[in-house]
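Student:
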Amino acid sequence: MQERYDYQQIETKWQKQWAERDMFKLKQEGDKPKYYCLEMFPYPSGNLHMGHVRVYSIGDVIARFKTMEGFNVLHPMGWDAFGLPAENAAIKHNVPPSDWTWSNIANMRRQLQTMGISYDWDREVATCHPDYYKWTQWLFLQLYKAGLAYKKKAHVNWCPSCATVLANEQVVDGLCERCDSQVEKKALAQWFFRITDYAQRLLDDLNKLPGWPDKVKTMQENWIGRSEGVEADFPLVEQKGDFDKITVYTTRQDTIFGVTYLVLAPEHPLVESLVAGNPDEENLRNFIKKVLSQSEIDRTATDAEKEGIFTGHYCINPLTGEKVAIWLANYVLVDYGTGAVMGVPAHDQRDFELATKYNIPMKVVIQPEGVDDLVAEEMDHAFEEEGRLVNSGEFNGFINTKALNVIADKMEAEGKGKRKVNYRLRDWLISRQRYWGAPIPIVYCEKCGEVPVPDEQLPVMLPTDVKFSPSGESPLTTRPDFHECTCPQCGGKGRRETDTMDTFVCSSWYFLRYCSPKDSEFAVRKEDADYWMNVDQYIGGVEHAILHLMYARFFTKVLYDLKIVSVEEPFENLLTQGMVLMGGSKMSKSKGNTVSPEEIIAKYGADTARLFILFAAPPERDLEWSDRGVEGAHRFLHRVWRLVQTYGDQFDNVPNLIIDSPDLQGLSGDDRELVRISHYSVKKVGEDIGQRFNFNTAVSTIMEMVNALYQYKDKVSLDQQNLPLVKDALARLVLILAPFAPHICEELWQELGGSDSVYKQAWPAFDENALVRDEVEVVVQINGKVREKLQLTNGLDGETLKAKALENNRVQELIAGKNVVKVITVPNKLVNIVVK
Numbered sequence: 001m002q003e004r005y006d007y008q009q010i011e012t013k014w015q016k017q018w019a020e021r022d023m024f025k026l027k028q029e030g031d032k033p034k035y036y037c038l039e040m041f042p043y044p045s046g047n048l049h050m051g052h053v054r055v056y057s058i059g060d061v062i063a064r065f066k067t068m069e070g071f072n073v074l075h076p077m078g079w080d081a082f083g084l085p086a087e088n089a090a091i092k093h094n095v096p097p098s099d100w101t102w103s104n105i106a107n108m109r110r111q112l113q114t115m116g117i118s119y120d121w122d123r124e125v126a127t128c129h130p131d132y133y134k135w136t137q138w139l140f141l142q143l144y145k146a147g148l149a150y151k152k153k154a155h156v157n158w159c160p161s162c163a164t165v166l167a168n169e170q171v172v173d174g175l176c177e178r179c180d181s182q183v184e185k186k187a188l189a190q191w192f193f194r195i196t197d198y199a200q201r202l203l204d205d206l207n208k209l210p211g212w213p214d215k216v217k218t219m220q221e222n223w224i225g226r227s228e229g230v231e232a233d234f235p236l237v238e239q240k241g242d243f244d245k246i247t248v249y250t251t252r253q254d255t256i257f258g259v260t261y262l263v264l265a266p267e268h269p270l271v272e273s274l275v276a277g278n279p280d281e282e283n284l285r286n287f288i289k290k291v292l293s294q295s296e297i298d299r300t301a302t303d304a305e306k307e308g309i310f311t312g313h314y315c316i317n318p319l320t321g322e323k324v325a326i327w328l329a330n331y332v333l334v335d336y337g338t339g340a341v342m343g344v345p346a347h348d349q350r351d352f353e354l355a356t357k358y359n360i361p362m363k364v365v366i367q368p369e370g371v372d373d374l375v376a377e378e379m380d381h382a383f384e385e386e387g388r389l390v391n392s393g394e395f396n397g398f399i400n401t402k403a404l405n406v407i408a409d410k411m412e413a414e415g416k417g418k419r420k421v422n423y424r425l426r427d428w429l430i431s432r433q434r435y436w437g438a439p440i441p442i443v444y445c446e447k448c449g450e451v452p453v454p455d456e457q458l459p460v461m462l463p464t465d466v467k468f469s470p471s472g473e474s475p476l477t478t479r480p481d482f483h484e485c486t487c488p489q490c491g492g493k494g495r496r497e498t499d500t501m502d503t504f505v506c507s508s509w510y511f512l513r514y515c516s517p518k519d520s521e522f523a524v525r526k527e528d529a530d531y532w533m534n535v536d537q538y539i540g541g542v543e544h545a546i547l548h549l550m551y552a553r554f555f556t557k558v559l560y561d562l563k564i565v566s567v568e569e570p571f572e573n574l575l576t577q578g579m580v581l582m583g584g585s586k587m588s589k590s591k592g593n594t595v596s597p598e599e600i601i602a603k604y605g606a607d608t609a610r611l612f613i614l615f616a617a618p619p620e621r622d623l624e625w626s627d628r629g630v631e632g633a634h635r636f637l638h639r640v641w642r643l644v645q646t647y648g649d650q651f652d653n654v655p656n657l658i659i660d661s662p663d664l665q666g667l668s669g670d671d672r673e674l675v676r677i678s679h680y681s682v683k684k685v686g687e688d689i690g691q692r693f694n695f696n697t698a699v700s701t702i703m704e705m706v707n708a709l710y711q712y713k714d715k716v717s718l719d720q721q722n723l724p725l726v727k728d729a730l731a732r733l734v735l736i737l738a739p740f741a742p743h744i745c746e747e748l749w750q751e752l753g754g755s756d757s758v759y760k761q762a763w764p765a766f767d768e769n770a771l772v773r774d775e776v777e778v779v780v781q782i783n784g785k786v787r788e789k790l791q792l793t794n795g796l797d798g799e800t801l802k803a804k805a806l807e808n809n810r811v812q813e814l815i816a817g818k819n820v821v822k823v824i825t826v827p828n829k830l831v832n833i834v835v836k
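Take the sequence shown: its position 575, counting from 1, is numbered 575 in full-length UniProt numbering, and each next residue is one higher.
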């Protein structure tokens, strides 16, 4: 064995051997149970960062451990390869997005391989490859045929200078990031998925996910935002176009008698009829333009200034018969509820702020119970708490929260409204007016209208030899060879859809493609999905807790309904790892606080990088980067190396690596403790990995085991050491360290005489009898304060413990001259002597 731990030579050697032997290629064995371990696949930005190192190290420990436990382990990797950054890079560096993306993929694949991650690279997928997006397009068509994909007008970010649609990421402080022009909102026809059809199932089935963090389920529940209320009809005083009423959704029908105005979102379809020809048309249109230039976050923020404008039109309160002014305001969104809300300024703070600003009347309809001191003119904020209804006709005297149902009953009975369950969740807008994405497989024909591309014509290929115009317009709109086509239905002239799909569509089913990655007939074969799905352990950042996970759940439910898969939920268990910080802040190039994984691996080795990042913090918490911590992990691996090296050829005459059932009778105290610590460490590390994902405490246990082995080596002379037990302990050490530091453990396994790869070994068993200590440490307290610690024989009864404590010289000195009132004993742990 080499005297020096040459991590570079060792890691290069074993990565080469693993590749040559297809070590991690899945060889599905029918007599083994399956385990699907998956980390969220990355965007190929070009280089790994420490966040990547953390999540992939976590996944690799789990995958390697489950392999050692005897599972068929599916552990794949791929690339979320479409998206806006590739287009920005193409514009900046004059490189086609495909070239930039594939170059980055090659580099990041190489970096992952230097980490020693046990991926089956034969199952690699990239969402930008035609063999993948062919099936993304096919899945789009299944949703289309099921009525779950549709096109409608929606407001988008529009740069009038670039004459193009911008993604939210391309709008900075209301300006186009490319030309600094003021961004406008423009209504364009967009493609949507009807995720709202699945809102209740997505909500209900969170109860089927006990293996998910509660915080993630709460985030999804809040995003879905189920509410129960009433849709109330406010008739228009004058019919406008096709509208003779405004339907309002409210969860506060108890306040309907306090409505003093009604508010429409500026995007509401009635607004144009109210504005056209209005004496105040110019001001109205300027107001609408201003609001539409604001983001939804800015419009709905609690501290945002409430702005509005009176339209000059009125509607009728259905329960009071009073005329109600119709206003437009910035804080109402068209996609929530009906895009119209009741203005009840006395009992809603947003309405109060608008009414105060524009001198809109207020009407108190809820008084604090037992008090009659709310006067509209004297209020300085809305009263939003429970109280007694006043000025509410037949409902006066009701507690407002108890009146919700009776008011809803009245409205339904009189045909003035109906109960309605509403959701904050909105249909998923998947259209992107960008180039680098999966083309939407729809053709438009003057004769046939909207025509889906037939399955046999998929994929609709994305041209890769493109150049971007200075305006930033998608190259697809300027490529006749792409958008000009033949109608698949009538054979006449057609035009392809030039929108591409949101990249979240690609990542909403990739976990299924890993089950059948090379299949040319199916997106996923049902028998493959039936075997592998659902994912047993999914690992990724909490920043994906809402959109990606919600969309993946939606897709899985749709495919379940279409009988393509047999599971309704994609991920059985979810682990959301924390961020890697430096100086208390997330690592960021802009902050200049990043650490390059490649530099760390070059300086210390991949095993050190993995070990540190798994030891430094529990996986779900943020991890503070520490150069000293990295050096400490490196020193520890050197200690392990030297420990095994110490014995060199001493094991030549010791045939067995592992002693399955050690004979505990007749062992010396030191030998007995050696066996105990070895078996205890196997048990503890196995439980920490397999049951709790406490990787940091698992590594700590391994470090304690190494310390114990050194103590044995230093305490017992070589000629007195039980070498079969030492070899057994070292073999167990290497096996339980292997998931964390696989390269050094491969080398040490061979040096100890192991056959085949350490990756192919079973997780070692432990003997419960070996875990029992001969001696235990018993704490002695006097009046509750620790005064002494005794090493006593394991299993002593209470009376013996009491006697041993009272005869101790130190204890006798402390209680001399005092009266012993009582003695409390806890077997193997504690003696507490109470004195006066």
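Ideal Cβ positions, reconstructed from N, Cα and C, are used throughout, including at glycine.
As the structure is a computational prediction, the values presented were derived from the model and not from experiment.
Note down the Cα distance separating L74 from R123, rounded to an integer number of angstroms.
Tutor: 9 Å
Student: Can you check which of these residues, G312, T255, T250 and S293, is closest to A276 by C-alpha distance?
Tutor: G312
Student: I believe N230 touches F695 by the beta-carbon criterion, under 8 Å. Please report the beta-carbon distance rounded to the nearest angstrom.
Tutor: Reading the sequence as shown, one finds Val at residue 230 and not Asn. The Cβ separation is near 51 Å, so there is no contact.
Student: On the criterion of 16 or more Cβ atoms from any shown chain inside 10 Å, does N400 qualify as buried, or is it exposed?
Tutor: buried
Student: Check whether the stretch 253 to 268 and the stretch 333 to 351 are in contact - that is, three or more C-beta pairs closer than 8 Å.
Tutor: Verdict: yes, contact present.
Student: Could you check which residue in F65, E751 and H49 has the C-alpha nearest to that of Q691?
Tutor: F65
Student: In the structure shown, what three-state DSSP assignment does H381 receive?
Tutor: coil
Student: Tell me whether C179 is buried or exposed, calling it buried when 16 or more other Cβ atoms sit within 10 Å of its Cβ.
Tutor: exposed
Student: Tell me whether N662 sits in a helix, a strand or coil according to DSSP, three-state version.
Tutor: A small correction: the amino acid at residue 662 is Pro; Asn does not occupy that position in the sequence shown. If DSSP states are grouped into helix, strand and coil, P662 belongs with coil.
Student: In chain order, what residues of the same chain have a beta carbon less than 7 Å from the beta carbon of G70, not counting five sequence neighbours either side?
Tutor: K32 and A762
Student: Buried or exposed for C159, please, with buried defined as at least 16 other CB atoms from any protein chain shown within 10 angstroms of its CB.
Tutor: Its Cβ being crowded by 16 or more others within 10 Å, C159 is buried.
Student: Using only CA atoms, which one of I659, R773, I689 and V779 lies nearest to V726?
Tutor: Out of I659, R773, I689 and V779, the CA that lies nearest to the CA of V726 is found in I659.
Student: Just to confirm, is the Cβ distance from Y423 to R732 under 8 Å?
Tutor: Taking the C-beta atoms as reference points, R732 is found no nearer than 8 Å to Y423.
Student: For the alpha helix (DSSP H) containing Q142, list its first residue and its last residue.
Tutor: Where Q142 is concerned, the enclosing alpha helix (DSSP H) starts and stops at P130 to K145.
Student: When the Cα atoms are used, what is the spatial distance from A794 to F41?
Tutor: It should be pointed out that residue 794 corresponds to Asn in this sequence rather than to Ala. So the alpha carbons of these two residues sit roughly 51 Å apart.
Student: I want to know whether the stretch 464 to 483 touches the stretch 516 to 532 - three or more CB-CB distances under 8 Å.
Tutor: no
Student: Can you tell which of Q650, L202, V125 and K802 has the C-alpha that lies nearest to the C-alpha of F511?
Tutor: V125
Student: Give every residue of the same chain whose Cβ lies closer than 7 Å to the Cβ of I440, excluding the five residues on either side of it in the sequence, and list them in chain order.
Tutor: F140, W191, E497, D499, T500 and M501
Student: Tell me which residue opens and which closes the beta strand (DSSP E) that Y249 is part of.
Tutor: Element bounds for Y249: F243 to T250.
Student: Roughly how many whole angstroms lie between the Cα atoms of K804 and D728?
Tutor: 36 Å
Student: Using a Cβ-Cβ cutoff of less than 6 Å, which residues in the same chain neighbour W14 once the five nearest sequence positions on both sides are dropped?
Tutor: H743 and E746
Student: On the three-state DSSP scale, how would you describe V230?
Tutor: Correct three-state label for V230: strand.
Student: Excluding sequence positions up to five away, which residues of its chain have a Cβ less than 8 Å from the Cβ of K789?
Tutor: E777, V778, V779 and V780
Student: What residue range is occupied by the uninterrupted beta strand (DSSP E) comprising H155?
Tutor: Going by DSSP, H155 is part of the beta strand (DSSP E) stretching over A149 to C159.
Student: Out of curiosity, what's the CA-to-CA distance linking L735 and V758?
Tutor: 7 Å
Student: Rounding to the nearest angstrom, what Cα-Cα distance links D767 and L667 in this structure?
Tutor: If you take the alpha carbons of D767 and L667, they lie about 15 Å apart.
Student: Considering only their Cβ atoms, is the gap separating M115 from Y56 smaller than 8 Å?
Tutor: yes
Student: Could you compute how far the alpha carbon of P44 sits from the alpha carbon of M587?
Tutor: 18 Å
Student: When we look at the beta-carbon of L292 and count the other beta-carbons within 10 Å, is it buried (16 or more) or exposed?
Tutor: buried
Student: Counting Cβ pairs closer than 8 Å, one from the stretch 205 to 215 and one from the stretch 444 to 451, do we hit at least three?
Tutor: no
Student: How many Å lie between P279 and F310 at the Cα?
Tutor: 12 Å
Student: Would the stretch 48 to 55 count as touching the stretch 579 to 595 if we require 3 or more Cβ pairs under 8 Å?
Tutor: When Cβ pairs closer than 8 Å are counted between the two stretches, the stretch 48 to 55 is seen to touch the stretch 579 to 595, the count reaching three or more.
Student: E561 to C162, Cα distance in whole Å?
Tutor: The sequence given here has Asp at residue 561, not Glu. If you take the alpha carbons of D561 and C162, they lie about 43 Å apart.
Student: How about T218 and L425: are their beta carbons less than 8 Å apart?
Tutor: no
Student: Quick one: residues in its chain with C-beta nearer than 8 Å to the C-beta of V549, no 5 flanking neighbours on either side, listed in chain order?
Tutor: At residue 549 the sequence reads Leu, which differs from the Val that was named. Within the same chain, L549 has close Cβ partners V216, Q220, F571 and L574.
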